[in-house]
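Note that this note's numbering has the sequence shown beginning at 1041, numbered continuously upward. Just so it is clear, CB atoms sit at the ideal spot from N, CA and C, and this is done for glycine as well. Inspection log for the structure reproduced underneath, given as structure tokens.
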Amino acid sequence: MIMVTGAHGQLGSGILARLLAGGVPAVGGSRTAATDIRPLDFDAPETLDLTGISTLVLVSAGYAEDDRVIARHRAVIDAAVRDGVGHVIYTSLAGAGDHLAFALAHRATERLLAQSGLLWTVLRNGLYAELFGSSLQWADAETVESAFGTGALAAVARADLAEAAAVVAAAPVAHAGRTYELVGTPITADAVAGRLGVRHRDLDLATLRARALTTDGLLPFQPPMIASIATAVRHGFLATPGHDLEALLGRPITDPLTVAAETAALLRPVPAVP
């Protein structure tokens, strides 16, 4: 039996849906109880139960500070060893993302897996095209703003990453000990704006940081994450494309520019009526 953690999240639910649609026996795990979802709370290690699970798809529990994320992942890897899980597939961060503020927890988890004695596969996911599109801020109905400058991001559609994880989980032995760089084709803020038929206004990084620090609802660790993504894109650290994703899917990847533009369009303000 395959278990997919974070089954109520967008990536985890997508992986689980792909497996089930393909007739592969799988179950979701989540801290939020639901029908056909096994309770799984990484913050309560004593409650973790992975008995009967042969392959675990560990979707990164990255919505927290590094030390908390690492503790969560260590707990579930320890439970996997204890309960006889044979193979762990981890959704990590693209290797080019080492400059990002949230990279440490991913690399620490990769090390924990390598030291665990378990069979493992690491899926180093690129940043989502959906994230890129939603990061463009609308100044008005005809202008988007960003601190990306002319820098590019080798973005990927979340659905493609979910499908790739399901492909690996369905036949994990063939992928044991492998690390895949799942990045897409480079897109820019100017290209997204062009697709939308609007202007792109460049922000300096100081302005972006100031906005993030005063945005309601952001947790303390999030402004540095936002700034690090903008900085890395702006200076070209996340622009290198790759072919691992296309190889796993057995088809061309979904166009990330289309996905980013469609995401940005959903946030477009309604023009004021004169």
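(request) Could you tell me whether the Cβ atoms of Y1220 and D1138 are closer together than 7 Å? (result) no
(message) Just to check my reading of the structure: P1212 and H1127 have Cβ atoms closer than 8 Å, yes? What is that Cβ distance to the nearest angstrom?
(response) 4 Å
(message) If you measure between the beta carbons of A1169 and A1300, is that distance less than 7 Å?
(response) yes
(message) In this structure, how does DSSP classify T1098 when only helix, strand and coil are distinguished?
(response) According to the sequence as given, residue 1098 is Leu; it is not Thr. Residue state, collapsed to three classes: strand.
(request) Within its chain, find whatever has a CB closer than 7 Å to the CB of T1091; leave out the 5 residues flanking it on each side and keep chain order. (result) D1123
(request) Kindly indicate which three-state DSSP category P1263 falls into: helix, strand or coil? (result) helix
(message) In whole angstroms, give me the CA-to-CA distance for G1076 and F1082.
(response) Per the sequence presented here, residue 1076 reads as Asp, with Gly not at that position. Approximately 18 Å, taken between the alpha carbons.
(message) So for T1298, helix, strand or coil by DSSP?
(response) helix
(request) On a CA-only basis, which of A1148, E1286, A1194, L1159 is nearest A1279? Give me that one, please. (result) A1194
(message) Out of A1084, I1042, V1125, which one is the CA nearest neighbour of R1108?
(response) A1084
(request) Determine the burial state of D1254: buried for a count of at least 16 other Cβ atoms within 10 Å of its Cβ, exposed for fewer. (result) One point to set straight first is that residue 1254 is Thr, not Asp, in the sequence displayed. Exposed, since its Cβ has fewer than 16 Cβ neighbours within 10 Å.
(request) Could you have a look at A1179 and say whether DSSP puts it in helix, strand or coil? (result) strand
(message) Which residue marks the beginning of the alpha helix (DSSP H) containing G1124, and which one marks its end?
(response) That residue, G1124, is in no alpha helix (DSSP H); it is neither H nor E in DSSP.
(request) Using alpha carbons as the reference points, say which of L1289, P1226, R1151, S1053 lies closest to F1277. (result) P1226
(request) Ignoring anything shorter than 4 residues or poking outside the segment 1152-1213, list the alpha helix (DSSP H) runs there in chain order. (result) 1169-1175, 1198-1210
(request) Within 10 angstroms of the Cβ of G1063, are there 16 or more other Cβ atoms? Answer buried if so, exposed if not. (result) exposed
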